[in-house]
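Below: one structure, written as structure tokens.
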Amino acid sequence: MMTFSQVLFSQNLKNRIQPGKMYNAGDSIYAPRYGFSGQIPVGWVGVLPRETEVFLLNSASGTFGEIFVFGREKVDLAQLAETWKAGVDISETVRLKATDPTIEGDLLYSHAEATGNYLPPKNYRAFAATRCGDACITVLVISVEENAEMASQSALEMLKTAVLSTPKEIDPYEGFDWKGFLSAKLVIAYEGFIGGKQQTKVNLCEDGTFRAQISKQGMMKDSNPDYKGGMKGSWTVVGKNSEATLTLTFEKKDLAPFVANLKFVDEELYVNGERHYASQSEKCD
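Residue numbers for the sequence shown follow numbering that gives the first Met the number 0, beginning at 0 and rising by one.
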């Protein structure tokens with residue numbers, strides 16, 4: 000089943016980072032809030048875990064290595080270097096101190112050592128770098144000693160080759176193609192999809208026709224009682240950004256069209272206020 004995140008990703012002109020999506024080496028990523036466009040380094044895979052703003056890269060070599068990538072407001076690099084030398088708390092028990100902060104143009108980088116209680120194993124190494132445009136991107140590298148140089152260079156290369164543009168807030172649904180998204184899809188309520196309950200199932204075909212099996216559950220649970228059983232007709236959708244209106248016009252002429260309000264909330268599809276799935280239809284020719 001194609002998720003909304005995948006459809007939205009394919010419709011964006013730039014590869015805006017999507018939560019939960021796995022990125023492989025060479026994939027492009029875009030964080031409009033910080034004006035950052037870059038590529039996943041060779042030998043790494045990345046993901047933005049849900050409910051977090053820290054992008055995580057893991058080494059694909061089998062040797063432990065992690066790169067944490069996060070954005071922040073613009074800061075003076077000389078002042079930031081002094082802060083790093085004094086130490087930055089990364090947990091309640093561990094503080095990282097920069098050992099050799101170096102500034103090159105718009106880039107600050109340094110190896111770091113950990114102090115405090117409950118320290119990581121002695122063979123772990125830390126490295127941090129920040130590059131600033133109108134906003135700043137920071138990478139924090141944690142790796143085992145034998146992987147440390149490769150991990151640090153990968154993080155640096157990612158920052159150095161990135162394009163830093165003007166930060167901006169982008170509506171991820173801007174210009175969303177509702178017709179393209181719904182075409183050749185089976186639309187069914189979430190409860191019916193996961194629990195096997197009898198639900199209204201609507202197959203929306205690419206040629207503008209639909210075939211439905213209608214019950215009083217799902218999107219039509221509070222609608223005209225004459226909407227029942229197997230029905231077919233034509234469908235249209237009119238949308239703007241994250242909201243749309245779906246209209247089903249029945250072949251049975253004495254039936255008024257059915258109109259549903261569609262909306263995406265946190266990348267989840269809602270039809271008339273109830274969560275639905277849109278999966279690939281097997282009923283369209």
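Beta carbons: idealized from backbone N, C-alpha and C, even for Gly.
- So, are the CB atoms of A134 and K96 less than 7 Å apart? The count along the sequence shown starts at 1 and reaches residue 134 at position 135. The count along the sequence shown starts at 1 and reaches residue 96 at position 97. No, they are not a contact pair.
Could you tell me the boundaries of the alpha helix (DSSP H) in which F209 lies? As a first step, residue 209 must be located in the sequence shown, where it is residue number 210. Unbroken run through F209 is the beta strand (DSSP E), T208 to I213; no alpha helix (DSSP H).
So the candidates are W43, D225 and N202; which of them puts its Cα closest to the Cα of V186? On the sequence shown, residue 186 is found 187 positions in, with the first residue counted as 1. Nearest of W43, D225 and N202 to V186, Cα basis: N202.
Q.
For A243, report the span of its beta strand (DSSP E) as first-last.
A. Residue 243 sits at position 244 when you count from the first residue of the sequence shown. In the DSSP assignment, A243 falls within the beta strand (DSSP E) that extends over E242 to F249.
*What is the DSSP secondary structure of T82, reduced to helix, strand or coil?*
By 1-based counting over the sequence shown, the position of residue 82 is 83. DSSP, read as helix, strand or coil, puts T82 in helix.
Q.
Measuring CB atoms only, is the segment 226 to 241 touching the segment 149 to 161, in the sense that at least three cross pairs come out at less than 8 Å?
A. The segment 226 to 241, when compared against the segment 149 to 161, does not touch it at the 8 Å Cβ threshold.
**Asked** Using the C-alpha atoms, what's the distance from I136 back to P31?
**Response** Walking along the sequence shown from the start, residue 31 turns up at place 32. Walking along the sequence shown from the start, residue 136 turns up at place 137. Near 12 Å, if we compare the C-alpha coordinates of I136 and P31.
Notebook entry, point to check: R130 by DSSP, collapsed to three states: which one?
Noted result: Taking the first residue of the sequence shown as position 1, residue 130 is located at position 131. In the three-state reduction of the DSSP assignment, R130 falls in the strand class, which pools E and B.
List the residues that DSSP assigns as beta-bridge partners of Y269. Here residue 269 is taken as the residue at index 270 of the sequence shown, counted from 1. According to DSSP, which records beta bridges pairwise, Y269 is partnered with K262 and R274.
Is S164 helix, strand or coil when you go by DSSP? On the sequence shown, position 165 is the one that residue 164 refers to. In the three-state DSSP reduction, S164 falls in the coil class, being neither helix nor strand.
Which stretch, first to last residue, makes up the beta strand (DSSP E) that contains F180?
-> Indexing the sequence shown from 1 puts residue 180 at position 181. Counting along the chain, F180 sits inside no beta strand (DSSP E); it lies in the alpha helix (DSSP H) bounded by residues W177 to L181.
(message) Taking its Cβ as the centre, do 16 or more other Cβ atoms sit within 10 Å of Q285, making it buried, or is it exposed?
(response) Beyond the ends of the chain as shown, which are 0 and 284, falls residue 285; an answer cannot be given.
Q.
At the level of alpha carbons, what is the spacing between A277 and F54?
A. Numbered from its first residue, the sequence shown carries residue 277 at position 278. Numbered from its first residue, the sequence shown carries residue 54 at position 55. Separation of A277 and F54 (C-alpha to C-alpha, rounded to the nearest whole angstrom) is 28 Å.
Should I193 go down as buried or exposed, given a rule of 16 or more other Cβ atoms within 10 Å for buried?
Numbered from 1 along the sequence shown, position 194 holds the residue referred to as residue 193. Low local confidence applies: a pLDDT of 47 at I193 is under 50, so the model's placement there is unreliable, and no value is given.
Neighbourhood of T235 by C-beta, 8 Å cutoff - its chain only, sequence neighbours within 5 removed:
Sequence index remark: in the sequence shown, residue 235 carries index 236 (1-based). Result list for T235: G207, L245, T246 and T248, in chain order.
Query raised in the report: Can you round the beta-carbon distance between L56 and E50 to whole angstroms, since I take them to be within the 8 Å contact cut?
Result: Translated into the one-based positions of the sequence shown, residue 56 becomes position 57. Translated into the one-based positions of the sequence shown, residue 50 becomes position 51. About 18 Å separates the two Cβ atoms, so there is no contact after all.
- Go ahead and label R274 buried or exposed: buried means 16 or more other beta carbons lie within 10 angstroms of its beta carbon, across all protein chains shown. Sequence index remark: in the sequence shown, residue 274 carries index 275 (1-based). Counting C-beta atoms within 10 angstroms of its own C-beta, R274 has fewer than 16 neighbours from the protein chains shown and is therefore classed as exposed.
Original post:
Based on the DSSP secondary-structure assignment, which residues constitute the bridge partners of K231?
Top reply: Your numbering for residue 231 matches position 232 in the sequence shown. Beta-bridge pairing by DSSP links K231 to R210.
* Measure the alpha-carbon distance for Q212 versus S280 and round it to whole angstroms. => Taking the sequence shown and counting its residues from 1, the one referred to as residue 212 is at position 213. Taking the sequence shown and counting its residues from 1, the one referred to as residue 280 is at position 281. Rounded to whole angstroms, the gap between the alpha carbons of Q212 and S280 is 13 Å.
If contact is defined by three or more beta carbon pairs under 8 Å, each pair taking one atom from either stretch, is the segment 170 to 181 in contact with the segment 67 to 83?
Flag = no, the segment 67 to 83 and the segment 170 to 181 do not touch.
Just to confirm my understanding: we take K282, look at its own chain, exclude 5 residues before and 5 after, and list those with CB closer than 6 Å. What are they? In the sequence shown, residue 282 corresponds to position 283, counting from 1. A distance below 6 Å between beta-carbons, with the five flanking residues on each side excluded, links K282 to the following residues of its chain, in chain order: N202 and R210.
query: Who pairs with F257 in a beta bridge, going by DSSP?
result: Start at 1 with the first residue of the sequence shown, and residue 257 comes out as number 258. Bridge partners of F257: L247.
Problem set entry | Assigned secondary structure, Y226 (DSSP; H/G/I helix, E/B strand, else coil) | As a first step, residue 226 is located in the sequence shown; it is residue number 227 there, counting from the start. When secondary structure is reduced to three states using DSSP, Y226 falls in the coil class, being assigned neither helix nor strand.
- Item | Helix, strand or coil at N122 [DSSP, three-state] | In the sequence shown, the residue the question calls residue 122 occupies position 123. In the three-state reduction of the DSSP assignment, N122 falls in the coil class, being assigned neither a helical nor a strand state.
Let me check understanding here. Comparing Cα to Cα, which of S90, I102 and I89 lies closest to E81? Reading the sequence shown from its first residue, position 82 is the one you call residue 81. That would be I102, whose Cα lies nearest to the Cα of E81.
| query | Which residues bound the beta strand (DSSP E) around G45? | reply | Walking along the sequence shown from the start, residue 45 turns up at place 46. Per DSSP, G45 belongs to the beta strand (DSSP E) from W43 to V46.
Subject >> For R94, the residue or residues it bridges with in DSSP >> reply: Looking up residue 94 in the sequence shown gives position 95. As DSSP reads the structure, R94 sits in a beta bridge with D88 and T114.
Handout entry: Contact belief for F63 with V138 at Cβ below 8 Å, rounded distance in angstroms
Key = For the purposes of this step, residue 63 is identified with residue 64 of the sequence shown, where counting begins at 1. For the purposes of this step, residue 138 is identified with residue 139 of the sequence shown, where counting begins at 1. So it is not a contact: roughly 17 Å between Cβ atoms.
query: Which residue's Cα is closest to the Cα of Q78: S60, P100, T92 and I89?
result: Along the sequence shown, one-based indexing puts residue 78 at 79. Considering only alpha carbons, the answer is P100.
From D253 to K167, what distance separates their C-alpha atoms?
-> Here residue 253 is taken as the residue at index 254 of the sequence shown, counted from 1. Here residue 167 is taken as the residue at index 168 of the sequence shown, counted from 1. A direct Cα-to-Cα measurement between D253 and K167 gives close to 50 Å.
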